[in-house]
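So the sequence shown is numbered by the numbering used here: it starts at 51 and just counts up by one.
Just so it is clear, CB atoms sit at the ideal spot from N, CA and C, and this is done for glycine as well.
Encoded as structure tokens, the structure appears first; notes follow it.
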Amino acid sequence: MLKKACMGKNQVTEDQVGGIEKGKFIEDRNVMCYIACIYQMSQVVKNNKLNYEASMKQVDIMYPPELKDSVKKSILNCKHIETVKEIEEDKALSKEELHDISSSLIADFHECTKEFEISADDIKAAKAEKNIDKLDPCFIGCAFKRSGVVNEKGLFDKEKVLSFVNENLKNEDDKKMLSEIVEDCSKVNDEPVTDGENGCERSKLVLLCMMKHKDDASASDELKSIIQSKLVSSGLECIKDHPLSLSDIRAFKEKRIPNNEDAKCFTACLFKKIGIMDDMGKLNPANAREHAKQVFKGSEQHMKNADEIVTACSKVNDQMTSDGNKGCERAKLAFNCLTKNAAKYGFDFDVDV
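Right, dumping it as structure tokens:
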């Protein structure tokens, strides 16, 4: 799980990193960042320092008996290292990777499988089916207690998890997102359970909450992809009549609208094709609502958000413009309003043309 997440994050291939376990390293920045990612996510490196105790614990959990002594000896030889160069500074964990932290906890602490006679295949099946009912809740409790997610009283340890988030994540947006998940999942402490401090039932509730947020993120990514596709296809049609220069395209990618006729009229054309601007050159919440139903099928919240952001930005209809029904001037005003408020309503997509 860690390997897959860190490979994607640092854009490295199996050919580049597959030989690391055999001592074959490629002198490449992304490969070094991949190694740093593995070390930090497994807590071998913590707060920019080698975490000797955590390293030894990882060896006991993950390595076969015949390799443990030699690996521990290697770690002992590196114990003198106090700090490492911070090569991860500009690479924040993606939202997908953050959500993967919750699903990787069981794998990270698979020492519990020995006690509960659960195989790796059992865990894989539960993850694939998104159904944890076949897993012993006390196995989940064991894993969560080992990781500190659930404390000795059988309660979700919100403070400890938030401390982990603040210590190990650098990107403020990621911190905020994961902190909100932790806050939401802490509500399971108010749910009635029958096993008290054992924490088995509550651990299952915590995992279900984490899985829900992971699924919500996946759904959001899919919707984002749909929006991007619609923008690109409509943009290709509009660019025929309103050609854009390379600098115009670069500005759109940076969520800025160029102050020239073609760029503004391209935007008006785009808005009309995706249904948020009418033929009179004004934002039309009712029409936008109908188009949103087609895009956000089955997602009431996204339809509500789309309705609210278009309604909020419809204030540009009251401003005087010089081009009437063409709507180019008003499209610029609407573009600025929509991009300014997109993230607030959950539509922080890229403007690719």
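Can you tell me the Cα-Cα spacing of residue i and residue j, whole angstroms?
{"i": "Lys31", "j": "His263", "result": "Given that the chain is displayed from residue 51 to residue 403, the structure contains no residue 31 and the question cannot be resolved."}
{"i": "Leu320", "j": "Gly198", "result": "50 Å"}
{"i": "Ala157", "j": "Asp183", "result": "Bear in mind that the predicted position of Ala157 carries a pLDDT of just 47, short of 50, making it too unreliable to give a figure here."}
{"i": "Leu143", "j": "Asp329", "result": "Because Leu143 sits at a pLDDT of 49, beneath the cut-off of 50, its placement in the model cannot be relied upon, and the following sentence gives the value as read from the coordinates. For Leu143 and Asp329, the distance between alpha carbons rounds to 43 Å."}
{"i": "Tyr84", "j": "Lys226", "result": "24 Å"}
{"i": "Leu294", "j": "Glu311", "result": "10 Å"}
{"i": "Met370", "j": "Ala336", "result": "22 Å"}
{"i": "Pro187", "j": "Cys250", "result": "5 Å"}
{"i": "Ala178", "j": "Ala170", "result": "12 Å"}
{"i": "Glu350", "j": "Gln344", "result": "12 Å"}
{"i": "Phe397", "j": "Arg306", "result": "16 Å"}
{"i": "Tyr89", "j": "Phe194", "result": "21 Å"}
{"i": "Gly191", "j": "Lys354", "result": "38 Å"}
{"i": "Met51", "j": "Lys203", "result": "For Met51, the predicted structure reports a pLDDT of 47, less than 50, and the residue's modelled location is therefore unreliable. A value from the coordinates is still provided. Each residue's Cα considered, the two are about 29 Å apart."}
How would you write the range of the alpha helix (DSSP H) that residue i sits in, first residue to last?
{"i": "Pro187", "result": "187-197"}
{"i": "Pro335", "result": "335-345"}
{"i": "Gln61", "result": "Gln61 -> no alpha helix (DSSP H), and no H or E assigned at all."}
{"i": "Asn375", "result": "No alpha helix (DSSP H) contains Asn375, which DSSP labels as neither H nor E."}
{"i": "Lys177", "result": "170-179"}
{"i": "Met353", "result": "350-363"}
{"i": "Leu413", "result": "Since the first residue of the chain shown is 51 and the last is 403, residue 413 is not available in this structure."}
{"i": "Thr163", "result": "162-166"}
Are residue i and residue j close, meaning C-beta to C-beta below 9 Å?
{"i": "Ala338", "j": "Ile326", "result": "yes"}
{"i": "Lys7", "j": "Asn309", "result": "With the chain represented from 51 up to 403, any question about residue 7 goes unanswered, as that position is not in the structure."}
{"i": "Gly331", "j": "Arg300", "result": "no"}
{"i": "Met261", "j": "Lys180", "result": "yes"}
{"i": "Lys208", "j": "Glu241", "result": "no"}
{"i": "Ala356", "j": "Tyr395", "result": "yes"}
{"i": "Phe316", "j": "His352", "result": "no"}
{"i": "His256", "j": "Val238", "result": "The identity of residue 256 in the sequence shown is Val, whereas the question assumes His. Yes, they are a contact pair."}
Going by C-alpha to C-alpha distance, which of the options sits closest to residue i?
{"i": "Asn248", "options": "Leu205, Met57, Ala356, Thr371", "result": "Leu205"}
{"i": "Lys323", "options": "Cys288, Ala336, Lys305", "result": "Cys288"}
{"i": "Leu212", "options": "Glu202, Leu228, Gly285", "result": "Leu228"}
{"i": "Ala392", "options": "Glu358, Asn367, Lys376, Asp368", "result": "Glu358"}
{"i": "Asp373", "options": "Ser236, Ala318, Lys365", "result": "Ala318"}
Examine the ligand SAM and report whether any of its heavy atoms sits within less than 8 Å of the Cβ of residue i.
{"i": "Lys174", "result": "You won't find the ligand SAM in this model; it holds no ligand whatsoever."}
On the DSSP bridge list, what partners appear for residue i?
{"i": "Met327", "result": "Leu333"}
{"i": "Val200", "result": "Phe206"}
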